[in-house]
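Working notes, beginning with the structure itself.
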Amino acid sequence: MMDIPKSIRQVLDRLEQAGYEAYIVGGCVRDSLMGAQPHDFDITTSALPEETKQVFSDMRVIETGMKHGTVTVLADGEPVEITTYRVDGEYADGRHPDEVRFTRSLSEDVARRDFTMNGIAYSPVRGLFDEYGGAEDIRRGVIRCIGDPDRRFNEDALRIMRALRFSAVLGFEIESRTADSLRRNKELLKRVSGERIFSELCRLLCGANAGAVLRGFSEVFAEVIPELAPCISYDQHSRYHAFQLYEHLVRAVESCPKEEGLRFAMLLHDIGKPHTQSADENGEWHFYGHARVSAELTDDVLSRFHCSNSFRKRVCDIIRYHDMVPENSYRFIVRRLSKHGLDLFRDIMLAHIADDSAKQEFAKKRIPEWKAIIRRAEEIAQQKPCLSAKDLAVNGRDIAELIPPSPRTGEVLKHLLESVIEGRVPNDRDKLMAEAERYLKTE
Ligand code: ATP
Ligand code: MG
Numbered sequence: 183m184m185d186i187p188k189s190i191r192q193v194l195d196r197l198e199q200a201g202y203e204a205y206i207v208g209g210c211v212r213d214s215l216m217g218a219q220p221h222d223f224d225i226t227t228s229a230l231p232e233e234t235k236q237v238f239s240d241m242r243v244i245e246t247g248m249k250h251g252t253v254t255v256l257a258d259g260e261p262v263e264i265t266t267y268r269v270d271g272e273y274a275d276g277r278h279p280d281e282v283r284f285t286r287s288l289s290e291d292v293a294r295r296d297f298t299m300n301g302i303a304y305s306p307v308r309g310l311f312d313e314y315g316g317a318e319d320i321r322r323g324v325i326r327c328i329g330d331p332d333r334r335f336n337e338d339a340l341r342i343m344r345a346l347r348f349s350a351v352l353g354f355e356i357e358s359r360t361a362d363s364l365r366r367n368k369e370l371l372k373r374v375s376g377e378r379i380f381s382e383l384c385r386l387l388c389g390a391n392a393g394a395v396l397r398g399f400s401e402v403f404a405e406v407i408p409e410l411a412p413c414i415s416y417d418q419h420s421r422y423h424a425f426q427l428y429e430h431l432v433r434a435v436e437s438c439p440k441e442e443g444l445r446f447a448m449l450l451h452d453i454g455k456p457h458t459q460s461a462d463e464n465g466e467w468h469f470y471g472h473a474r475v476s477a478e479l480t481d482d483v484l485s486r487f488h489c490s491n492s493f494r495k496r497v498c499d500i501i502r503y504h505d506m507v508p509e510n511s512y513r514f515i516v517r518r519l520s521k522h523g524l525d526l527f528r529d530i531m532l533a534h535i536a537d538d539s540a541k542q543e544f545a546k547k548r549i550p551e552w553k554a555i556i557r558r559a560e561e562i563a564q565q566k567p568c569l570s571a572k573d574l575a576v577n578g579r580d581i582a583e584l585i586p587p588s589p590r591t592g593e594v595l596k597h598l599l600e601s602v603i604e605g606r607v608p609n610d611r612d613k614l615m616a617e618a619e620r621y622l623k624t625e
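At position 283 of the sequence shown the residue is numbered 465 (this note's numbering), and the sequence of numbers has no breaks.
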């Protein structure tokens, strides 16, 4: 039934032969039961960490987390984590158990795990161990806490985000008691580090069911990203928009490729709107400067999540330019390629597509044009046009024939680059030198 790689099977067999119990457990069993290929296999055993080390004394053993009972053995060169059955002690901080205690009882180990679908163990010799009906919940597509949900979310509030992430990725429903409890306990998320919330959000936003989860649990998202709170039930009073602001954001997420940066950008691309609203004499609302304000607010959001600077910068740039007006012309595209580079320009155009997919029906008419611009930008980039000073047919040494090196040299080169990008001067040494002379005379 369960497709276990040979190296994992060997580790299980050796522990059993030494007189211990050994099972695969958690995500790998869940994924196998769903018919999906597990990305890694976790092993749980009655052997104490020291005993596990003994069993594999002829192999490379890494003490990954002895305090938590985890050692890693290299089986066939592949690292395999083996964790001793354990019971978690009290969680005073809602993040980490104060202490862990090892046990010889699989039942006790499984009771500390988060959801029934993650509390199933399987051994090729002992069979399936499923005390909480996890297999049935997987079959029905249900996420349910093991034990009392309030207590489990209080122990470790990250489980709130994990439940939402699993629902978004697996398309499972969160069972109603668990769902009520995670809503009720959302404020506990304040205790969880930004990094851990961010990592769950990234996976959640790329899930096939992300939209439904964003809709169903908006108040929880407003807890981890307070900037979203004013977007919920916010009527845009705009003829371009068929939906309230939060729903527009969710639809934009659903309409862009499943990639973390783009999905974050679409979720946050309009969060500046409530801060920039104005009404004209017809009662139509406008949001002048909202792209810049949204980008600034997003910079705060992503700083709190401590994600990489490059990720933060990229998402903010997509948002800053999400409402510029694109033009399907060589000049426009080359200018943009020079300013953003192909990758960011493509992201900005994908954001246009997602944004227009989430407005009124008529806005969708522009989408083929945005796609054509992406294709054309890719073609133009292939031809390697002059996009930066280093692509010019002249450099600082050439300019030194005209003026002694000084900050003016850079100014001249910048002017030449603009001239080439605007198509006024071809990228040819003689023509550029003539233009440089003319520029120096007239400026
Ligand atoms: P994936 O690896 O796809 O994220 P997973 O279920 O394997 O899914 P891991 O974070 O690898 O998730 O954790 C392995 C197992 O450890 C889980 O299946 C679950 O049994 C248990 N677990 C992980 N995190 C928690 C938690 N915060 N609270 C309780 N149990 C947890
Ligand atoms: Mg895992």
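We put the CB at the ideal spot given by N, CA and C, even for glycine.
Please confirm whether any heavy atom of ligand 2 lies closer than 6 Å to the CB of residue i.
i, result
"residue 301", "no"
"residue 209", "yes"
If you follow the beta strand (DSSP E) that residue i is part of, which residue opens it and which one closes it?
i, result
"residue 283", "282-284"
"residue 207", "204-207"
"residue 303", "303-305"
"residue 224", "224-227"
"residue 463", "That residue, residue 463, is in no beta strand (DSSP E); it is neither H nor E in DSSP."
"residue 244", "243-247"
"residue 360", "Careful: residue 360 lies outside any beta strand (DSSP E), inside the alpha helix (DSSP H) at 358-366."
"residue 309", "309-311"
Output yes or no for whether 7 Å exceeds the beta carbon distance between residue i and residue j.
i, j, result
"residue 396", "residue 413", "no"
"residue 264", "residue 225", "yes"
"residue 610", "residue 571", "no"
"residue 469", "residue 455", "yes"
"residue 190", "residue 223", "yes"
"residue 337", "residue 273", "yes"
"residue 563", "residue 532", "no"
"residue 349", "residue 205", "no"
"residue 353", "residue 390", "yes"
"residue 368", "residue 405", "yes"
"residue 477", "residue 501", "yes"
"residue 515", "residue 557", "no"
"residue 331", "residue 359", "yes"
"residue 488", "residue 377", "yes"
"residue 448", "residue 545", "no"
"residue 382", "residue 343", "yes"
"residue 339", "residue 370", "yes"
At a cut-off of 6 Å, is residue i close to ligand 1 when judged by its beta-carbon and the heavy atoms of the ligand?
i, result
"residue 340", "yes"
"residue 296", "yes"
The alpha helix (DSSP H) spanning residue i covers which residue range?
i, result
"residue 518", "512-522"
"residue 266", "Where residue 266 is concerned, there is no enclosing alpha helix (DSSP H), although the beta strand (DSSP E) it sits in stretches over 260-266."
"residue 581", "578-581"
"residue 271", "That residue, residue 271, is in no alpha helix (DSSP H); it is neither H nor E in DSSP."
"residue 414", "Premise fails: residue 414 is in no alpha helix (DSSP H) and is neither H nor E."
"residue 571", "Per DSSP, residue 571 belongs to no alpha helix (DSSP H) and is neither H nor E."
"residue 257", "Segment 252-257 is the beta strand (DSSP E) holding residue 257; no alpha helix (DSSP H) there."
"residue 239", "Run containing residue 239: none; DSSP gives neither H nor E here."
"residue 621", "611-624"
"residue 564", "549-564"
"residue 288", "288-293"
"residue 198", "188-199"
"residue 335", "331-337"
"residue 316", "316-322"
"residue 478", "472-486"
"residue 594", "589-603"
"residue 216", "Here residue 216 belongs to no alpha helix (DSSP H), and DSSP marks it neither H nor E."
"residue 184", "Counting along the chain, residue 184 falls outside any alpha helix (DSSP H), and DSSP gives it neither H nor E."
"residue 489", "That residue, residue 489, is in no alpha helix (DSSP H); it is neither H nor E in DSSP."
"residue 348", "340-352"
Could you check how far apart the C-beta atoms of residue i and residue j are, in whole angstroms? I think they sit under 8 Å.
i, j, result
"residue 334", "residue 341", "6 Å"
"residue 298", "residue 316", "4 Å"
"residue 393", "residue 436", "4 Å"
"residue 409", "residue 484", "In fact, because the Cβ distance is near 11 Å, the residues do not count as touching under 8 Å."
"residue 325", "residue 356", "5 Å"
Please report whether the beta-carbon of residue i lies at a distance below 7 Å from any beta-carbon of chain D.
i, result
"residue 268", "The structure shown contains no chain D; it holds only a single protein chain."
- Query: Can you list, in chain order, the stretches of the alpha helix (DSSP H) that have 4 or more residues and sit fully within the region 369-445?
  - Reply: 376-387, 392-398, 400-406 and 427-436
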